[in-house]
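Notes for the one structure printed next.
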Amino acid sequence: RDELAQERDRLLNDVTQLRRDLDENSFKQADLEKKIHESNEQILTLQEKITQSKTENMKEAKRRVCSVFCFV
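The sequence shown begins at 9 in this note's numbering and counts up one residue at a time.
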């Protein structure tokens, strides 16, 4: 009978520890998902800046070409 009680207590402790681990992992996962979301937003912002920079560079290149060839 004592062996069964000890086994029950051990299993209860195991379940309690597993629940703690699950909670901890859930918090870690939520934190990682938040970081992924923030990183994705940063990537989108950088892509927009790159596109804007390319557009500005193309306009500047056209302006230079036109200043050389349009008034010849």
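All C-beta atoms in this analysis are idealised placements derived from N, C-alpha and C, irrespective of residue type, glycine included.
Spatial distance of residue i from residue j (CA atoms)
i	j	result
Glu64	Lys36	42 Å
Asp17	Arg9	12 Å
Ile44	Ser61	25 Å
Cys78	Lys67	15 Å
Lys42	Lys70	42 Å
Ile51	Glu11	59 Å
C-beta neighbour in chain C for residue i, strict 8 Å
i	result
Ile44	Looking at the structure shown, chain C is missing, and only one protein chain is on hand.
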